[in-house]
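Encoded as structure tokens, the structure appears first; notes follow it.
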Amino acid sequence: MNLTMRGRCWKFGDNVGIDGDMMPLEFALKRETNPAVLGPYLMTGIDPDFPKKVKPGDIIVGGKRFAQGNPHIQGLIGISAHGLGLVVESIQRGSYRNAINAGVPFLPNCQGVSAQVETGDEIEVNFATGVLINHTRGTQFQYQPLAASQLEIITAGGWRAQLEARVTAMRVNDLRPSPP
Amino acid sequence: MSEKQKPGISGGWLVAPAMVWLALFALAPLVFLVTVSFWTASMFGLTSSFSLQSYASLAGDSIYIRVLGNTVKIAILTTALSLLVSYPIALFLASLKGKRKMLFVILLFLPFWTSYVVRTFVWMPILGRSGLINATLMSMGIIDRPLDNLVFNEGAVYLGLVYVYTLYMTLPIYLALDKLDPALIEAANDLGASAWQTFRKIILPLTLPAVWSGCTMVFLLCCGAFVTPRLLGGPSSQMFGNIISSQFLDAGNWPLGAALSVVLMVVVMLSLYLASRRFGFQSLFMGRH
């Protein structure tokens, strides 16, 4: 996965909740994790047409306490399903983990970023270095990126994809432990 | 001592099932919990050698004390709010007669026939961004965009806890009010006492043991709550139960989770000991003088 994205900014305010706002609660209760099922419902609690408007490479900009509530992974899988990036002022602890596990490139601690962008701005984010460029306004900001080990999971496409890749590599290299 | 009063072997045997039940389901888990708190955890599992590592890491991080303090604060405030809500409900129920009383008692119990989690979840479609309250306010033209701070904060945790634990406060107060001798209230009225004086000098003192008993129940349940703050709370309104559950379920650090549980138990027992010194053991646990 390319850790640099350039696309439209979709700004959401503070206090975006996982259940209800990012994804209908019923998918968490059903334990649905299929991206194809979850994608069409992303952010429909706030903007019912959001899944139709958004394109791969676009970036969601969240305010404080993004993805709060009971940390269900469904909303983050929805973001991953559309191939979006995520930049937030702060994110709930469980959702931070879920974003990594779902393979969502994100910047978790971008203080004041909501004031620097508007929905529709063309922005570019390098998630490996933490640089955000707002091409519409001609501004640039530096934020703290994730750790290399976390970016490695995201680049692989999430925890499951990374695990599968590791298992495949072990098979290829015949590194499986020999029977006693 | 007469034959009737003499404790026989058969009497001891009658108590045995209860003793076995208590030993198996109360004492044994507690002993196991305390034992595990002195073990250590690694990525390969638990090591059963004696260690104070969990208690040391607990003492070395102030966040545990902060969350514990926040938990006790939430438990005390929830207990007080529950009392404010429950006493008028209990008074109302006790004032009813016949079929109406039965109907309202059933209505009070009705939500409690479903699970605790469902009763907590139900607040999300009410308080959420596209929930009932926001939809109503917007349709009435009071707000033009949904309020996003009705849920996932400490206020929502209080609301959820009061709702799910109210019955434990209402029931003992209602039973005490229901058993109250009407002659006492009539006598107060005959002697010219106002409604407030009758409540303050007759009804309240006679129902105080039930109040303390209800407070004890709600306080105990709130101290261990973790579902409500997890579903309705924000990042800063997490309770001690959430840290304990995350150690057991997410981090796999059972010894630290057990040590945190032991600390919570000690704090709760200490609180109840101090309360029983002030209000009496019988009041707190039996609901009587």
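Read top to bottom, the protein sequences are chains A and B. As numbered in the working numbering, residues 1 to 180 make up the first sequence, in order. As numbered in the working numbering, residues 1001 to 1289 make up the second sequence, in order. Cβ coordinates follow ideal geometry from the N, Cα and C atoms, glycine included. Note that the structure is predicted; figures quoted are calculated from it, not measured.
Cutoff 6 angstroms; reference residue i; Cβ partners in own chain excluding five residues on either side
| i | result |
| --- | --- |
| residue 165(A) | 156 |
| residue 55(A) | none |
| residue 1272(B) | none |
| residue 1129(B) | 1146, 1148 |
| residue 1233(B) | 1157 |
| residue 1257(B) | 1244, 1247, 1248 |
| residue 64(A) | 14, 89, 90 |
| residue 1054(B) | 1037, 1255, 1256, 1259 |
| residue 60(A) | 10, 84, 86 |
Residue i, enclosing beta strand (DSSP E) - first and last residue
| i | result |
| --- | --- |
| residue 60(A) | 59 to 62 |
| residue 54(A) | It is not in any beta strand (DSSP E) - residue 54(A) carries neither H nor E in the DSSP assignment. |
| residue 85(A) | 85 to 88 |
| residue 1041(B) | 1040 to 1042 |
| residue 142(A) | 139 to 142 |
| residue 1221(B) | From DSSP, residue 1221(B) is part of no beta strand (DSSP E) but of the alpha helix (DSSP H) over 1204 to 1223. |
| residue 5(A) | 4 to 11 |
| residue 125(A) | 122 to 126 |
Residues near residue i in its chain [Cβ-Cβ closer than 7 angstroms; skip 5 each side]
| i | result |
| --- | --- |
| residue 1096(B) | 1104 |
CB of residue i within 9 angstroms of CB of residue j, strictly
| i | j | result |
| --- | --- | --- |
| residue 1050(B) | residue 1038(B) | yes |
| residue 1259(B) | residue 1239(B) | no |
| residue 86(A) | residue 146(A) | no |
| residue 1074(B) | residue 1222(B) | yes |
| residue 139(A) | residue 122(A) | no |
| residue 1303(B) | residue 1085(B) | This structure gives no information on residue 1303(B), because the portion of chain B shown stretches from 1001 to 1289. |
| residue 25(A) | residue 1121(B) | yes |
| residue 118(A) | residue 11(A) | yes |
| residue 1235(B) | residue 92(A) | yes |
| residue 1263(B) | residue 1058(B) | yes |
| residue 17(A) | residue 69(A) | yes |
| residue 1041(B) | residue 1241(B) | no |
| residue 105(A) | residue 125(A) | yes |
| residue 1067(B) | residue 1119(B) | no |
| residue 1134(B) | residue 1150(B) | yes |
| residue 1072(B) | residue 1267(B) | yes |
Delimiting residues of the alpha helix (DSSP H) encompassing residue i
| i | result |
| --- | --- |
| residue 172(A) | 159 to 172 |
| residue 1117(B) | 1116 to 1121 |
| residue 1101(B) | 1098 to 1109 |
| residue 1065(B) | 1062 to 1095 |
| residue 131(A) | Taken as a continuous stretch (DSSP letters only), residue 131(A) belongs to no alpha helix (DSSP H), being part of the beta strand (DSSP E) at 131 to 134. |
| residue 1159(B) | 1154 to 1179 |
| residue 94(A) | 93 to 101 |
| residue 76(A) | 74 to 81 |
| residue 1047(B) | That residue, residue 1047(B), is in no alpha helix (DSSP H); its beta strand (DSSP E) goes 1045 to 1047. |
Residues near residue i in its chain [Cβ-Cβ closer than 8 angstroms; skip 5 each side]
| i | result |
| --- | --- |
| residue 1185(B) | 1198, 1202, 1203 |
| residue 33(A) | 73, 74, 77 |
| residue 1001(B) | Because the pLDDT at residue 1001(B) is just 46, under 50, the model does not fix this residue reliably, and the value given afterwards should be weighed accordingly. Nothing meets the Cβ criterion. |
| residue 1278(B) | none |
Residue i: CB within 8 angstroms of a non-hydrogen atom of the ligand SAM
| i | result |
| --- | --- |
| residue 61(A) | As presented, the structure is devoid of all ligands, the ligand SAM included, so that no description of it is given. |
- Task: Could you say if the region 1057 to 1065 of chain B and the region 1190 to 1202 of chain B meet the contact criterion of at least three C-beta pairs nearer than 8 angstroms?
- Result: With a cut-off of 8 angstroms on Cβ pairs, the region 1057 to 1065 of chain B is not in contact with the region 1190 to 1202 of chain B, counting fewer than three such pairs.
- Query: Taking Cβ-Cβ distances below 8 angstroms as the criterion, which residues of the region 16 to 49 of chain A are in contact with chain B?
  - Reply: Answer in chain order: 16, 17, 19, 20, 21, 25, 45, 46.
- Stretch pair the region 1162 to 1172 of chain B + the region 1215 to 1226 of chain B: three plus CB contacts closer than 8 angstroms: Yes, the region 1162 to 1172 of chain B is in contact with the region 1215 to 1226 of chain B.
- Message: Beta carbons nearer than 7 angstroms to chain B: which residues of the region 70 to 94 of chain A have them?
- Response: Of all residues in the region 70 to 94 of chain A, 70, 92, 93 have a Cβ within less than 7 angstroms of some Cβ in chain B.
- Item | Residues in the region 1229 to 1250 of chain B having any Cβ partner in chain A nearer than 7 angstroms | The residues in question are 1230, 1231, 1234, 1235.
- Would you call the region 31 to 49 of chain A and the region 68 to 88 of chain A touching, i.e. three or more CB-CB distances under 8 angstroms? Short answer: they touch.
- Cβ contact (3+ pairs, closer than 8 angstroms) linking the region 148 to 162 of chain A and the region 92 to 111 of chain A: These segments touch.
- Message: Could you check whether the region 1134 to 1144 of chain B touches the region 1175 to 1190 of chain B, counting it as contact only if at least three pairs of C-beta atoms, one from each stretch, sit closer than 8 angstroms?
- Response: By the C-beta criterion, the region 1134 to 1144 of chain B is judged not to be in contact with the region 1175 to 1190 of chain B, since fewer than 3 inter-stretch pairs fall below 8 angstroms.
- Query: Would the region 1 to 8 of chain A and the region 1109 to 1119 of chain B be scored as touching if the rule is three or more Cβ pairs under 8 angstroms?
  - Reply: At 8 angstroms Cβ cutoff, the stretches do not touch.
- Item | Near-chain A residues of the region 1108 to 1124 of chain B (beta-carbon distance less than 7 angstroms), N- to C-terminal order | Cβ contacts with chain A: 1124.
- Cβ-based contacts, 8 angstroms cut-off: residues of the region 1123 to 1151 of chain B near chain A: Within the region 1123 to 1151 of chain B, the residues whose Cβ lies closer than 8 angstroms to some Cβ of chain A are 1124, 1125, 1128, 1129, 1130, 1131, 1148, 1149, 1151, listed in chain order.
- chain B contacts made by the region 104 to 134 of chain A, where a contact means CB separation under 8 angstroms: Hits within the stretch: zero.
- Query: If contact means a Cβ-Cβ distance below 9 angstroms, which residues of the region 155 to 170 of chain A contact chain B?
  - Reply: Going along the region 155 to 170 of chain A in chain order, one finds no residue with a Cβ nearer than 9 angstroms to chain B.
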